[in-house]
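Residue numbers (the numbering used here): 136 to 642.
No residue lacks a Cβ here, since even glycine has one placed at the ideal position from N, Cα and C.
Heads up, the thing below is written out as structure tokens.
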């Protein structure tokens, strides 16, 4: 039941009016009066029915027109008050949104774009017999690639709800028209609905849509049923899933790739082949990835919408978590669109985040190279690369890979120290080498544990060489000792053969 407008305005009007800037007060007054007028016109509500069930005995044929630069508002004489209100309140918004979406979709529509007011859903189906079913009390739809349809009976049934949702309704249908136009009518129904849902401001529409879905973080339908079944237009709960499909494709692969996909639809046998051509993956593969993405989407990723005020905190979180590659891809796509939409301040913020993400990606690549150098046995390079990565991470204020940096660096440093000790032993001379076999064995075993096969072999060769030198030394000492013994023996024997001197014989 609606609250009476008169008492409501008497109670709340003065305080609200006082807070509104002077330049906007006339528009506020007009809007309030218009809504009050719509409430007074509230008709008995009749629910929308499929086209084949309607009675078309009284088809509207007396259409009038209101024109703006890009739009023509068509309405029957019975809906002149509603038409005047819609035209006066939303004319500038429609022009602004059309210019914005023209830039985003890199295309234009055939002008003027028609906004047609149908008195009832019955009239809508009578004049559009091939139209898909509408949701109960649906206020808007689109026809072909040029017409936005408004259902007067549903708008007048709840003017306050229409006033809060009208801008997003126009955004929804404008985006759907662009998809139909770009795809030359080949875009499946669910894709049209999904792009329409994505074009709405997620900060306004997500919560209600999530509740209609059941507040679940697990998708219920396959891509084939979501995209191929016209029920997506009549079951509000499905809109969250189709919107998240578009969000997934845009978020993961970029807006420009999505536009290429839409443009390629008329040149392919169907959307399945177009997905393969543009994304390099089948529907089943994309579907599996989307199922994983869906939980992230409903948990907050829905705010990363390139058609609206981008929530850059999403990319800040990605950078903080070390997801630099994903952040770079997302920010590059966002910056291109922000530039197209002339959102310079937001673009500058995104550029700063992109520099951070690129620095983080550089650090990640350096750390990967440090690991490869370690595996290849280039230990000095591994240490140098790990140090460079650490410097960048420190500048970013990130320590999430510090343990990995310390592991690579300490590993490579220990190998270098052991090799230096090995060189020192080898250059220490025969005597030093002869007394170092135990240490050589320890060095060789440790180098083998560290994966330095070359160093372990060098230690083994040094150990074998030291053993040979030791044997030579022992043999040399033995030979020298034997020679000394022989010399002494010869001296003794020589003494025995020599006759005593004459003095020794004097008695």
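Among the options, whose alpha-carbon lies nearest the alpha-carbon of residue i?
| i | options | result |
| --- | --- | --- |
| residue 210 | 407, 306, 255, 328 | 255 |
| residue 316 | 282, 276, 469 | 282 |
| residue 380 | 350, 424, 395, 403 | 424 |
| residue 532 | 512, 539, 494, 506 | 494 |
| residue 535 | 367, 459, 553, 358 | 459 |
| residue 467 | 487, 550, 258 | 487 |
| residue 473 | 334, 238, 208 | 238 |
| residue 547 | 513, 537, 562, 200 | 513 |
| residue 413 | 385, 440, 297 | 385 |
| residue 203 | 222, 218, 451, 330 | 222 |
| residue 560 | 549, 420, 578 | 578 |
| residue 314 | 280, 299, 208 | 280 |
| residue 351 | 197, 218, 517, 426 | 426 |
| residue 515 | 450, 443, 558, 549 | 549 |
| residue 457 | 502, 415, 330 | 502 |
| residue 310 | 240, 482, 584 | 240 |
| residue 551 | 538, 587, 471, 530 | 587 |
Grouping DSSP H, G and I as helix and E and B as strand, with all else coil, what is residue i?
| i | result |
| --- | --- |
| residue 286 | strand |
| residue 275 | strand |
| residue 294 | helix |
| residue 237 | helix |
| residue 207 | strand |
| residue 267 | coil |
| residue 250 | strand |
| residue 160 | Residue placement at residue 160 cannot be trusted, given a pLDDT of 45 that sits under 50; what the coordinates show is reported in the next sentence. Residue 160 falls in the helix class under three-state DSSP. |
| residue 244 | coil |
| residue 554 | helix |
| residue 506 | helix |
| residue 281 | coil |
| residue 201 | strand |
| residue 443 | coil |
| residue 315 | helix |
| residue 373 | helix |
| residue 478 | coil |
| residue 187 | Low confidence applies to residue 187: its pLDDT is 43, below 50, so where it sits in the model is not reliable, and the reading given next is rough at best. Three-state result, residue 187: helix. |
| residue 401 | helix |
| residue 255 | coil |
| residue 320 | coil |
| residue 307 | helix |
| residue 585 | coil |
| residue 195 | coil |
| residue 458 | coil |
| residue 438 | helix |
| residue 342 | helix |
| residue 215 | helix |
| residue 353 | coil |
| residue 416 | coil |
| residue 533 | coil |
For residue i versus residue j, is the C-beta distance shorter than 9 Å?
| i | j | result |
| --- | --- | --- |
| residue 326 | residue 347 | no |
| residue 195 | residue 253 | yes |
| residue 378 | residue 332 | yes |
| residue 410 | residue 417 | yes |
| residue 453 | residue 435 | no |
| residue 356 | residue 335 | no |
| residue 339 | residue 303 | yes |
| residue 462 | residue 492 | yes |
| residue 400 | residue 318 | yes |
| residue 396 | residue 276 | no |
| residue 259 | residue 296 | no |
| residue 225 | residue 301 | yes |
| residue 451 | residue 358 | no |
Quick one: what's got a C-beta closer than 8 Å to residue i's C-beta in the same chain, skipping five residues either side?
| i | result |
| --- | --- |
| residue 172 | Interpretation of residue 172 is limited by its pLDDT of 46, a score under 50 that renders its predicted location unreliable; no figure is taken from the coordinates. |
| residue 345 | 375, 433 |
| residue 371 | 270, 344, 347 |
Go through its chain and collect everything with a Cβ distance to residue i's Cβ below 6 Å, but skip five positions before and after it.
| i | result |
| --- | --- |
| residue 341 | 437 |
| residue 180 | Its pLDDT being 39, under 50, residue 180 is placed unreliably by the model, and the measurement read from it follows with that caveat. Here the set comprises 292. |
| residue 428 | 383 |
| residue 165 | In this prediction, residue 165 scores a pLDDT of 46, lower than 50, which makes its location untrustworthy; the coordinate-derived value is nonetheless stated afterwards. Nothing meets the Cβ criterion. |
| residue 521 | 505, 540, 543, 544 |
| residue 200 | 207, 209 |
Got a sec? Which residues, its chain only, sit under 7 Å from residue i by beta carbon, not counting five neighbours each side?
| i | result |
| --- | --- |
| residue 498 | 524, 527, 528 |
| residue 205 | 230, 233, 246, 247, 248 |
| residue 581 | 553 |
| residue 242 | 313, 316, 317 |
Using 8 Å as the threshold, is the stretch 256-273 in touch with the stretch 223-232, meaning 3 or more CB pairs across them? no
Is there contact here, the stretch 535-548 with the stretch 508-520, by at least three beta-carbon pairs under 8 Å? yes
Could you tell me whether the stretch 359-366 touches the stretch 317-337, using the rule of 3 or more Cβ pairs below 8 Å? yes
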